[in-house]
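Chains A and S are the protein sequences, given in the same order.
Residue 141 in this note's numbering sits at position 73 of the first sequence, and the numbers go up by one each step.
Residue 157 in this note's numbering sits at position 137 of the second sequence, and the numbers go up by one each step.
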Amino acid sequence: MALAEEASRTTTRTDAAPVRRPNRWLKNLTGKVAMLPMILTALVIFLGGTIWTIVYSFTDSGLLPRLRWNGLAQYERLWSSRKWLVSIENLALYGVLSVILTLFIAFTLAALLDRKIRFEDAFRTIFLYPFALSFIVTGLVWQWILNPEFGIQGIVRGMGWETFNFDPLYNPNIVMYGLLIAGLWQGTGLIMCIMLAGLRGIDEDIWKAARVDGIGTVKTYVVVIIPMMRPVFVTSLVLIGAGIVKLYDLVVAQTSGGPGISSEVPAKYVMNTMFGGQNLGQGFAASTMMMVMVFIILIPWAYLEFGGKKRG
Amino acid sequence: MKLTTKLLAATAIVSAGAAGATELEVMHWWTSGGEAAAVSKFAEAWDATGNTWVDGAIAGGGDTARPIMVSRILGGDPPAAFQFNHGRQAEELVEAGLILDITDVSEAEGWADIITPSSLLDSCTYDGRVFCVPVNIHSWQWMWLSNGAYAAAGVPVPTNWGEFVSTAPALREAGIVPLAMGGQSWQQNGAFGVMALALAGKEAWLAVNQDKNAEVVMGPEYARVFEAFGAARDLSTGLNVQDWNQATAAVIDGSAGAQIMGDWAQGEFAVAGSVAGTDYSCLPGLGEVALLDTGGDAFFFPVTGDPEIEAAQKELAALMLSPAVQVSFNSAKGSLPVRPDVDLTTVNECTQKGLDLLAAGSTVPAGTQLLSPDTVTQLNDLMTEFWSTPSLTAAEVQQQYSDIIADAD
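Rendered as structure tokens:
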């Protein structure tokens, strides 16, 4: 009885609250004032900068930005450029494989570490360590490892297997896989740690229940645990996706776009046309297209992911 | 570092002592050993006049340095002077009125009479006014051959492109890669430019690069060049190097027969202790058409609005072309001086060949003086794709090359 009374009193209090609440905009004023610089930054720098870039992508700006309209000429040239098309193909290949392989390898490693193995800390450190290196260092290290004369191919040949061929960085057809190996080596550790944290957040009772029902370990992971870790996967996906779109320094360090133009990526195209070719308009058009591509992928996904929840 | 310390010390002394001395900040991307030594010659000469040279070196090459310089100029905090390659890179800065007109210095010093070839001054001249100081000459049209490699293969060192191609199988048999080529796009496009001038001749080359005549690209002279370039591609397989100096190193140690590269490659031979004539040979214009292009570096002076700095900028401009400074700078840089009335201290056989060609007026303007950086970037991309894609034929790349030339501004 006392409990019910207490409860009803709380309800009345919360019911009364909106009546007394002043203007919505003045609520939590200090917090809003504190946010002001960040809001301005977002509007002026991010939004303003983006709009500025889009506007100038319709001009023939060279070394200096100038408002001389050029219609869609920059976009026509962009989409008729072989280098740009190769860049898009490469990014798509790298992106798809990178998402699949990173999630798969990271989850497998995390699940293995989660089996309460010995020396877990040591393994975790080893797997996470490459993440502490920049892409430039990663690129250089793998450039040496994959060098046919000094790297893997040289060592295997030295052991007597004379016909062994493994030179991804000098073969235009497979050079993207050479980049992918380095990218995975660098980035998987972080995703593994996020996954491991997610796995540790799973209630022990789930495991007990699964054992009672006689479900195997692998099946428990796939059928029960992975669906429960949905938020963790979303976080991982966002991190991997951001890494893919801005793929640039790894390419510069490892192959500088070669052999030929076979490992070019969009971000590198932007940098090269803007600063090497002194053609800002073309660079702006390319970066606008990069943003459009991100939106094409992001908007439907964000709608499904976050829009659905609101309705529910 | 040493240079910086020295400069800081010099700054302190000068600012304490001489009143009226002007500090000029000079930005450039000369950071390698020889380059830094060369730029310190400018700094010493400038400090000796009682003014102060504030060194603004930017590591990472022109593509890194140029955007930084441009943003400083646009942001209203220009350096007093900055290095660009002369030619069309600074065109827009001049058009926007950001660069100091130094025509009066040019007239007072009589640059029109002393700067040889005159195309160097022309490429600093926009609408009849002079905006930059050319300080040196670098040319692309050289083939460097390893005497040791040819001795090992038992064939005489070629004296022209035809002999080079016909002796290539002998080199292959001896396990030597005939042509060393780095993987960077500018090297492949540069080598193509050299072959175009040597095999298609001056007229066709100028029609393409100067008049942007796309029909000439499709013509028979250029068809031969594309064929030869395709053949050269096969001659270079087996050597996987990236940087130009690695390719030069392969020529120096005799694992490659030859390299097509500008005269800056001679610096590498000198560092390795190779002697022109005995250890290596050089063929200007591939031994076919002995013409040199005349690229190089130039200094520009941004408008500051401060009359004192402006006077100092003009003084520095005149100093850079004075005979003593030209000798000390170019000796350190390994480049040729822009005035023929000075003597370099050490001249080897190959440098002498270059000087003779300059004196005879066998020169053409550099590709960077004729083509905009945008066009050069497109050609770089095309030629590097061709070089690394064996399935791409000479005819296909010829068509694409002519499309780019037709669109060139």
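Cβ atoms here follow ideal geometry from the backbone N, Cα and C, with glycine treated the same way.
| query | result |
| --- | --- |
| Leu-161(A) versus Leu-237(A): straight-line alpha-carbon distance, rounded | 16 Å |
| Residue-level contact to chain S via CB, Phe-343(A), 8 Å cutoff | yes |
| N-terminal and C-terminal residue of the beta strand (DSSP E) that Asn-91(A) is part of | Per DSSP, Asn-91(A) belongs to no beta strand (DSSP E) and is neither H nor E. |
| Contiguous beta strand (DSSP E) assignments of at least 3 residues, all confined to the stretch 94-141 of chain S | 101-105 |
| DSSP three-state assignment for Val-384(S), whether helix, strand or coil | strand |
| Candidates Pro-98(S), Leu-311(S), Val-295(S) and Gly-287(S): closest to Ser-166(S) by CA position | Val-295(S) |
| Cβ-based burial, Thr-404(S) [other Cβ within 10 Å; buried from 16] | buried |
| Buried or exposed by the 16-neighbour rule on C-beta atoms within 10 Å, applied to Met-431(S) | Nothing about residue 431(S) can be read from this structure; chain S reaches only from 21 to 429. |
| Straight-line Cα distance separating Leu-402(S) from Gln-420(S) | 8 Å |
| CB contact check: Gly-203(S) to chain A, cutoff 8 Å | yes |
| Straight-line gap, Ala-370(A) to Phe-301(A) (C-alpha atoms, nearest Å) | 14 Å |
| Those runs of the alpha helix (DSSP H) which lie wholly inside the stretch 310-341 of chain S and span at least 4 residues | 327-340 |
| Reduced DSSP secondary structure (H/G/I, E/B, other) of Trp-206(S) | helix |
| Own chain, CB closer than 8 Å to Ser-304(A), minus 5 neighbours either side, in chain order | Thr-170, Leu-171, Ala-174, Ile-259, Ile-262 and Met-263 |
| Alpha-carbon spacing of Pro-368(A) relative to Asp-394(S), whole angstroms | 37 Å |
| Alpha-carbon to alpha-carbon, Gln-286(S) and Asp-434(S) | The structure shown does not extend to residue 434(S), since chain S spans only 21 to 429, so no value can be given for it. |
| Minimum Cβ-Cβ distance from Leu-328(A) to chain S less than 8 Å | Per the sequence presented here, residue 328(A) reads as Gly, with Leu not at that position. With 8 Å as the cut-off, Gly-328(A) counts as an interface residue toward chain S. |
| Contact under 8 Å by Cβ, Val-417(S) with Phe-289(S) | no |
| Cβ-Cβ distance between Thr-257(S) and Pro-240(A) below 8 Å | no |
| Residue interval of the alpha helix (DSSP H) (run including Thr-42(S)) | Taken as a continuous stretch (DSSP letters only), Thr-42(S) belongs to no alpha helix (DSSP H), as it is neither H nor E. |
| Proximal chain A residues relative to Leu-94(S), where beta-carbon distance stays under 8 Å | Leu-132 |
| Supposed contact pair Phe-212(S) and Phe-249(S) - C-beta distance, whole angstroms, cut 8 Å | 5 Å |
| Three-way DSSP call (helix, strand, coil) for Ala-296(S) in this model | strand |
| Closest by C-alpha distance to Gln-6(S), when choosing among Leu-255(S), Gly-96(S) and Gln-279(S) | Since the displayed chain S opens at 21 and closes at 429, residue 6(S) lies outside it and no answer follows. |
| Which residues DSSP lists as bridging Thr-9(S), in chain order | Any question about residue 9(S) goes unanswered here, given that chain S covers just 21 to 429. |
| Simplified DSSP assignment, three categories, for Tyr-238(A) | helix |
| Beta-ladder partner(s) of Ser-430(S), from DSSP | Residue 430(S) lies beyond the range of chain S shown here (21 to 429); nothing can be said about it. |
| Pro-299(A) CB to nearest heavy atom of the ligand SAH below 7 Å | Absence of the ligand SAH is noted for the structure shown, with no ligands found whatsoever. |
| Coarse secondary structure for Ala-285(S), derived from DSSP in three states | helix |
| Cutoff 8 Å: Leu-151(A) Cβ touching any chain S Cβ | For the sequence presented, residue 151(A) should be read as Lys rather than Leu. Closer than 8 Å: yes. |
| Segments of 4+ residues assigned as alpha helix (DSSP H) that fall wholly inside the stretch 102-166 of chain A | 117-124 and 141-148 |
| Any chain C beta carbon closer than 8 Å to Tyr-124(A) | Looking at the structure shown, chain C is missing, and the protein chains on hand are A and S. |
| Segment contact flag, the stretch 294-312 of chain S with the stretch 79-86 of chain S, C-beta cutoff 8 Å, min 3 pairs | no |
| Cβ distance (whole Å) where Ser-422(S) is taken to contact Val-237(S) below 8 Å | 4 Å |
| Segment limits, alpha helix (DSSP H) that includes Gly-219(A) | It is not in any alpha helix (DSSP H) - Gly-219(A) carries neither H nor E in the DSSP assignment. |
| Proximity of Ile-122(A) and Thr-356(A) at Cβ, strictly below 8 Å | yes |
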